[in-house]
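If you're matching positions, the sequence shown starts at -7 in this note's numbering and goes up one per residue.
Reviewing the structure listed below.
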Amino acid sequence: MAAVKLANASKTYENGITAVRNASLEIEDREFVVLVGPSGCGKSTLLRMIAGLEDVTSGDILIDGRRVNDVPPRDRDIAMVFQNYALYPHMTVFENMAFGLRMRKMPKEEIRSRVREAAESLQIADYLDRKPKALSGGQRQRVALGRAIVRKPKVFLFDEPLSNLDAKLRVQTRIEINRLHKRLRTTMIYVTHDQVEAMTMGDRIVVMAGGVIQQVDPPMKLYDDPANRFVAGFIGSPAMNFVEGKVTAGRPARFICEALSLPLAAATAHRLKKAGREGVTLGIRPEHIGLSTAAKRTSGASHEVTVDVVEPIGNETLVYVRDGETQFCIRRNEPVSVKSGMKISILFDAKRMLFFDTKTGKRLG
Ligand code: ADP
-7 MAAVKLANAS KTYENGITAV RNASLEIEDR EFVVLVGPSG CGKSTLLRMI
43 AGLEDVTSGD ILIDGRRVND VPPRDRDIAM VFQNYALYPH MTVFENMAFG
93 LRMRKMPKEE IRSRVREAAE SLQIADYLDR KPKALSGGQR QRVALGRAIV
143 RKPKVFLFDE PLSNLDAKLR VQTRIEINRL HKRLRTTMIY VTHDQVEAMT
193 MGDRIVVMAG GVIQQVDPPM KLYDDPANRF VAGFIGSPAM NFVEGKVTAG
243 RPARFICEAL SLPLAAATAH RLKKAGREGV TLGIRPEHIG LSTAAKRTSG
293 ASHEVTVDVV EPIGNETLVY VRDGETQFCI RRNEPVSVKS GMKISILFDA
343 KRMLFFDTKT GKRLG
């Protein structure tokens, strides 16, 4: 168990690419933190810097208060689980799990008891004598997890460990890793590009883009209160709707764009005004737009649109609507009786409208 701290840590590769820029982050002892972001955002590099597999170009990394910049990986007391968890094909499951401990010259009895304990908790105790080729992909992944667990490290690092598994197995293994975290109560740092995986696993999520940490918060805080347009658009599926426009003065002040003219609450208008009125982007999640097939309402926030596509998913329905070039995705968790081509009115939940600076992406209100 250990706290992990990054202080202004940066990594520039020899080819001049700065993969991680001034990352500062404090991960508490026993915390489960997920690093998430699109491919190439620097999350694997950051994890590898913590592991000691990449040198830090500037800044510091501390594990349990000790600066480890110059400490080799094997002395950092961490265990890493990769996407390509290459097991030794000629060794049994037991030998694969015991290998690292043997290399450390641990007494045989201790090795046996650690392997057995880990195998039982991962439900692979019946396969200890098998070779990897006689296991399913999911079982092999559990052996790889077991190999990390037997080390009893201070910190577990995971680099996209589930991406080779099929969808069903991915969900199962995700739950297993969550359970493992509760049982082992060890600090875990987990890298994924999948925002659903991130939302369901982390105590806190670190969202990265372009080598820079964008926001660090618990899952629902990220979802409800994103710091910028990138985070707002990255977290949530279907993604948040965005419309570029501007704010006009008046009572009430309004957000206007090609398709919309929405009255704003006084407090929101005040915040937007303070930030300057030009170039504001409205963001609203699909579930925060209501729809009605009734005649156009007179309320200022409602708006007439044409239904493009309806997707009934079972537990919810996605309705894609448009007005000229402006499109919205609406999510309703009840069946809706609308069809492609129909004219309907939609209504924005004024309390859930978010506003961003169009130029910088920064959250304004
Ligand atoms: P992610 O894990 O988010 O997909 P990476 O950390 O692998 O991102 O990569 C971040 C950036 O650093 C990318 O632009 C990638 O091309 C670059 N990069 C990664 N590894 C190396 C390397 N060994 N040498 C040079 N550039 C690298």
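Positions of the beta carbon are idealized from the N, C-alpha and C atoms, including for glycine.
Per-residue burial, Gln207 [other beta carbons within 10 Å of its own, 16 or more giving buried]: buried
Separation of Asp52 from Leu17, as counted between CA atoms: 11 Å
Cβ-heavy atom distance, Met89 to the ligand ADP, below 8 Å: no
Member of Asp216, Leu137, Ala201 whose CA lies at the smallest distance from the CA of Asp151: Leu137
Ala110 Cβ short of 8 Å to the ligand ADP heavy atom set: no
Buried or exposed (CB count within 10 angstroms, at least 16 for buried), Tyr182: buried
Closer than 6 Å to the ligand ADP: residues, by C-beta to nearest heavy atom, in chain order: Tyr5, Asn7, Ile9, Ala11, Gly29, Ser31, Gly32, Cys33, Gly34, Lys35, Ser36, Thr37
CB contact flag (Pro211, Gly225, <9 Å): no
Residue nearest to Glu20 in terms of C-alpha spacing, selected from Gly242, Gly57, Ser50: Gly57
CA nearest to the CA of Ala245, picked from Phe234, Asn88, Ala259, Met232: Ala259
Where Pro218 falls: helix, strand or coil (DSSP): coil
Leu154 beta carbon less than 9 Å from that of Ile133: The question names Ile, but residue 133 in the sequence shown is Gln. Yes; because the gap between Cβ atoms is below 9 Å, this pair is in contact.
8 Å CB neighbourhood of Gly130 in its chain, flanking five on each side removed: Leu157, Leu161, Gln164, Thr165
Neighbourhood of Ile205 by C-beta, 7 Å cutoff - its chain only, sequence neighbours within 5 removed: Ala15, Leu17, Val198
Run of the beta strand (DSSP E) containing Asn233, from where it starts to where it stops: 233 to 240
Expected contact under 8 Å - CB spacing of Met345 and Ile248 to nearest Å: With 8 Å as the limit, Met345 and Ile248 do not qualify as a contact, their Cβ atoms being about 13 Å apart.
Coil, strand or helix - Asp158 by DSSP: coil
Identified DSSP bridge partners for His295: Ile338
Beta-carbon separation (whole angstroms), Arg263 vs Gly357, contact threshold 8 Å: 4 Å
Residue environment, His82, which counts as buried when at least 16 other CB atoms sit within 10 Å: exposed
Met95 burial status per 10 Å Cβ neighbour count (16 or more: buried): exposed
Exposure label - Thr273; buried when at least 16 CB within 10 Å: buried
Continuous alpha helix (DSSP H) stretch holding Leu93: start and end: 85 to 95
Pair within 9 Å by beta-carbon distance, Thr352 and Asn233: no
Beta-carbon contacts of Ile338 that lie in its chain and below 6 Å, excluding the five residues immediately before and after: Ile281, Leu283, His295, Val297
Pick from Glu326, Val330, Ala90, Asn325 that is closest to Val313, judged by C-alpha positions: Val330
Pair within 9 Å by beta-carbon distance, Val60 and Ser2: no
Residue nearest to Arg139 in terms of C-alpha spacing, selected from Ile116, Asn7, Asp341: Ile116
Environment of Val301 [buried if 16+ CB atoms lie within 10 Å]: exposed
Within the segment 306 to 353, ranges of the beta strand (DSSP E) (whole runs, at least 3 residues): 309 to 315, 318 to 324, 335 to 340, 346 to 349
Pro30 versus Val223 - alpha carbon distance: 11 Å
Proximity test, Cβ basis, 9 Å: Ile205 and chain C: The structure shown contains no chain C; it is built from a single protein chain.
Candidates Glu250, Ala(-5), Lys265: closest to Glu241 by CA position: According to the sequence shown, residue 241 is Ala rather than Glu. The candidate whose alpha carbon is nearest that of Ala241 is Lys265.
Per-residue DSSP class, three states only, for Gly130: helix
Pick from Ala231, Ser332, Asp217 that is closest to Lys343, judged by C-alpha positions: Asp217
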